[in-house]
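**Student:** Numbering-wise (our numbering), the sequence shown opens with residue 9 and increments by one.
Beta carbons: idealized from backbone N, C-alpha and C, even for Gly.
Quick one: this structure, given as structure tokens, is what I'll be asking you about.
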Amino acid sequence: MSESGTNSPGGHQASRSPELLLPEWDPAGPRRAQLEAGLRESVRSGRLRPGARLPSSRALGAELGVSRRLVVEAFEQLAAEGYLVAERGSGTRVAPATGRGPSSPESSAVDGGAEPSRSATAGPAVAIDLFPGAPDLSLFPRRAWGRALRRALAELPDARLGYGEFAGAPELREALAEHLGRVRAAAVAPDSILVTAGYQQGLRIFCSLLRGRGGRRVAVEDPGYPVACWSIEAEGLELVPVPVDEDGLDVAALAAADPDAVLVTPAHSLPIGAVLAAERRLALVEWARERGALVLEDDYDAELRYDRRGPAGTLQGLAPDVVVLAGSVSKTLAPALRLAWLCLPAELVSGAVIARASLDGGGPRLDQLALAELIASGAFDRHLRAARAHYREKRAALLEAIAAALPAARVGGIAAGLHVLLELPPGVEEAPVIEHLAAAGIGVQGLADFTRGDPRPPALVIGYGLPSVRELREVVATIAEAAAAARAS
Ligand SMILES: Cc1ncc(COP(=O)(O)O)c(C=O)c1O
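Spelled out as structure tokens, the structure:
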């Protein structure tokens with residue numbers, strides 16, 4: 009093995025040469041042939057990427073203990089075969105389109121078979137994205153976040169740049185406990201909180217805790233969040249779909265299905281947009297206690313409620329012994345932060361912390377401290393108030409456009425969150441409308457994409473987080489056009 013470069017006897021030139029790992033010499037074979045074979049193989053296998061710069065012939069010769077001339081000849085041979093290109097002033101590089109070696113069997117993989125190009129896999133370009141889980145990313149409080157992050161960086165002692173704090177930075181757990189008690193009526197102490205990389209990771213940890221208790225079957229809302237279903241199945245657990253109606257999860261159907269745990273979104277369900285009714289909350293808690301089941305409360309959209317009533321408090325506040333509360337800043341700040349939390353009954357905390365530690369060693373501490381600062385300084389509350397006002401207006405503009413252009417369509421769900429469920433006018437199916445919208449550059453999902461059991465009346469799930477009001481009006485006009493075309497055909 010050979011590493012050329014920084015300390016090889018080629019002087020200044022060599023010290024700027026890139027490193028290169030080549031196989032050991034076989035003492036029995038000619039060196040030039042071995043060097044050529046090694047380079048050819050590295051290019052063919054993709055280990056040397058198209059455009060990669062090679063060491064200078066002087067540096068490589070010195071490193072390998074062969075003459076510079078021998079390396080030059082090997083480079084020339086591979087250039088002649090199309091593997092390398094020599095460029096005046098920038099040395100020798102791997103050819104941009106590699107694997108073109110004469111009838112190389114691996115050439116298709118190197119040519120792109122192994123890594124399909126984006127253009128080959130991407131569908132039609134989406135100009136307007138109605139994905140329901142996306143907040144308006146232009147609202148992200150960049151200045152406040154920047155200030156909080158700089159402060160965290162300035163104040164974090166060196167000792168806290170090491171490993172540890174697997175449950176999350178204590179400052180964030182303090183700030184979350186205060187915030188969740190105040191705005192969500194949750195019964196949470198800092199010690200019962202585990203910070204997670206998004207709800208998605210929290211759900212995986214919940215599933216592993218459930219398996220540890222011998223649980224096998226997990227109920228989910230149907231229709232509901234498909235990503236949650238994928239995670240549960242990936243954890244080797246059985247999915248038990250339970251219907252959701254306008255009062256939320258059907259708790260009688262849940263009890264009849266008798267699962268070991270249930271995922272529920274009491275504040276605002278996706279995509280129906282229901283709030284779990286008061287009597288169902290009580291029935292759910294009673295069922296969980298009697299059954300010895302766990303409830304994972306996904307506090308989805310709880311901070312984004314636009315009617316006067318405001319959100320109900322958490323289920324967890326009613327029954328912290330059986331409910332694990334999950335929250336996330338993906339809708340209130342940005343999904344890219346990957347910051348979320350689980351609030352756990354005492355007996356589950358240590359298992360959850362071990363699970364997170366073994367998954368990824370805990371999250372990035374500076375971001376956690378920035379969020380703690382944002383919450384503790386009041387900037388998060390101010391941001392939430394501004395975001396609510398913004399989405400309330402956007403939602404009103406969307407409903408107004410729907411009422412004008414699609415008077416026969418029904419809009420489902422309470423005034424909350426980032427999406428509405430638009431039931432299509434009688435006689436209009438989802439698929440042709442979705443295709444029509446796609447052709448116009450509008451990406452939208454139908455209710456069927458969220459449904460596992462019996463089909464529901466055709467509807468579109470319209471996320472209004474990302475598009476502007478002008479774009480939303482354009483969307484509604486295009487849906488009206490699609491519906492008219494569908495009825496006419
Ligand atoms: C129902 C539901 N819960 C939670 C989340 C938040 O997920 P995460 O925190 O992993 O971004 C989403 C995101 O779209 C969601 O749709």
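1. Tell me which residues share the same chain as Q85 and place their Cβ nearer than 7 Å to its Cβ, disregarding the 5 neighbours each side in the sequence.
2. Should G73 be labelled buried (16 or more other beta-carbon atoms within 10 Å of its own) or exposed?
3. Any chance you could list the beta strand (DSSP E) runs of at least 3 consecutive residues sitting entirely within the segment 388 to 474, in chain order?
4. With a threshold of 7 Å on Cβ separation, who are the neighbours of A156 within its own chain once the five nearest residues in sequence on each side are excluded?
5. Mind checking who C351 pairs with in its DSSP beta bridge?
6. Who are the Cβ neighbours of E438 in its own chain at under 8 Å, not counting the five residues just before and after it?
7. Determine the extent of the alpha helix (DSSP H) in which R225 is found, giving its start and end residues.
8. Pick out the complete beta strand (DSSP E) segments inside the segment 278 to 344, 3 residues or longer, and give them in chain order.
9. So does P343 have its beta carbon nearer than 6 Å to some heavy atom of ligand 1?
10. Does the structure place the segment 252 to 260 close enough to the segment 282 to 294 that three or more beta carbon pairs sit under 8 Å?
11. Below 8 Å CB to CB, which residues in the same chain sit around S75 once its five sequence neighbours on both sides are set aside?
12. Assuming L430 and V419 form a contact by the criterion Cβ under 8 Å, report the distance between their Cβ atoms to the nearest whole angstrom.
13. May I ask which residues mark the beginning and end of the beta strand (DSSP E) holding G99?
14. Answer with buried or exposed for S50, where buried requires no fewer than 16 other C-beta atoms within 10 angstroms of its C-beta.
15. Considering only heavy atoms of ligand 1 and the C-beta of each residue, which residues fall inside 6 Å, strictly closer?
16. Helix, strand or coil: which one does DSSP assign to R181?
17. Among L302, A36 and V337, whose alpha-carbon lies nearest the alpha-carbon of L323?
18. Look at the Cβ atom of A490, then the Cβ atom of A413, and state whether they are nearer than 7 Å.
19. Closest by CA to A405, which one among L347, E443 and G473?
20. Excluding sequence positions up to five away, which residues of its chain have a Cβ less than 7 Å from the Cβ of Q208?
21. Which residues does DSSP pair with G256 in a beta bridge?
22. V203 to L147, Cα distance in whole Å?
23. Would you grab the beta carbon distance between L498 and V331 for me? Rounded to a whole angstrom, and I think it's under 8 Å.
24. Whose CA, out of P63, S338, L29 and R159, lies closest to the CA of L145?
25. Looking at C-alpha atoms only, which residue of D230, D375 and G189 is the closest neighbour of A8?
26. Taking the CB atoms as reference points, tell me whether E26 and P58 lie closer together than 7 Å.
27. Could you tell me the alpha carbon to alpha carbon distance between S64 and P31, rounded to whole angstroms?
28. Using the Cα positions of G451 and A397, report the straight-line distance between them to the nearest angstrom.
29. Using 8 Å as the Cβ pair cut-off and three pairs as the minimum, do the segment 342 to 354 and the segment 193 to 200 touch?
30. Let's test the definition: count the other Cβ atoms within 10 Å of the Cβ of A128 and tell me whether it reaches 16, buried, or not, exposed.
31. Measuring straight from C-alpha to C-alpha, what distance separates G46 and G244?
32. Expressed to the nearest angstrom, what Euclidean distance is found between the alpha-carbon atoms of A416 and P434?
33. How about S277 and E229: do their beta carbons lie closer than 7 Å?
34. With distances taken from CA atoms, which of L480, R159, R151 and I201 is nearest S336?
35. Please report the distance separating the alpha-carbon of D462 from that of P279.
36. Out of V483, P140, A494 and A334, state which residue places its alpha-carbon closest to the alpha-carbon of A185.
**Tutor:** In this structure, then:
1. Same-chain partners within the cutoff: E44.
2. Around the beta carbon of G73, a 10 Å sphere encloses fewer than 16 other beta carbons of the protein chains shown; the residue is thus reported as exposed.
3. DSSP runs (the beta strand (DSSP E)) wholly in the segment 388 to 474: 418 to 420, 427 to 431 and 467 to 471.
4. Around A156: A378, E381 and L382.
5. Residue pairing by DSSP puts C351 in a beta bridge opposite I201 and L333.
6. These residues qualify, in order along the chain: L432, G454, L455, A456, P466, A467 and L468.
7. Premise fails: R225 lies in the beta strand (DSSP E), R225 to D230, not in any alpha helix (DSSP H).
8. The segment 278 to 344 contains, as complete beta strand (DSSP E) runs of 3+ residues, the segments 302 to 306 and 331 to 336 (chain order).
9. Residue side-chain check: P343 places its Cβ nearer than 6 Å to a non-hydrogen atom of ligand 1.
10. The segment 282 to 294 vs the segment 252 to 260: in contact.
11. Closer than 8 Å at Cβ, skipping near neighbours: G69.
12. With a Cβ gap of about 6 Å, L430 and V419 count as contacting.
13. Secondary structure note for G99: its beta strand (DSSP E) is the uninterrupted segment G99 to V102.
14. Taking all protein chains in view, the Cβ of S50 is crowded by 16 or more other Cβ atoms within 10 Å, so the residue is classified as buried.
15. Residue list for ligand 1: G141, G206, Y207, Q208, Y233, T273, L278, D306, Y308, S336, S338, P343 and A348 (CB closer than 6 Å to any heavy atom, chain order).
16. R181 falls in the helix class under three-state DSSP.
17. When each option's Cα is compared against that of L323, the closest is L302.
18. For A490 and A413, no; Cβs fall outside 7 Å.
19. Among L347, E443 and G473, the Cα nearest to that of A405 is on G473.
20. Within the same chain, Q208 has close Cβ partners V235 and S239.
21. DSSP lists D253 as partners of G256.
22. Just so you know, the alpha carbons of V203 and L147 end up roughly 24 Å apart.
23. Residue 498 cannot be examined here, being either before or after the span of the chain that is shown, 9 to 497.
24. A check of alpha carbon separations from L145 across P63, S338, L29 and R159 identifies S338 as the nearest.
25. Residue numbering for the chain in the displayed model covers 9 to 497; residue 8 lies beyond these limits and cannot be assessed.
26. The amino acid occupying residue 26 in the given sequence is Pro; Glu does not appear at that position. Annotated as distal: P26 and P58, with beta-carbon spacing of 7 Å or more.
27. Answer to the nearest angstrom: the Cα atoms are 18 Å apart.
28. For G451 and A397, the distance between alpha carbons rounds to 25 Å.
29. Counting Cβ pairs under 8 Å, three or more are found: they touch.
30. With a pLDDT of 43 at A128, under the threshold of 50, the modelled position of that residue is not reliable, and no figure is offered here.
31. When rounded, the distance between both Cα atoms is 44 Å.
32. Distance between A416 and P434, taken at the CA atoms: about 8 Å.
33. Going by C-beta atoms, S277 is nearer than 7 Å to E229.
34. If you compare the alpha carbons of L480, R159, R151 and I201 with that of S336, the shortest gap goes to I201.
35. Distance between the alpha carbons of D462 and P279: 15 Å.
36. Answer by Cα proximity: A334.
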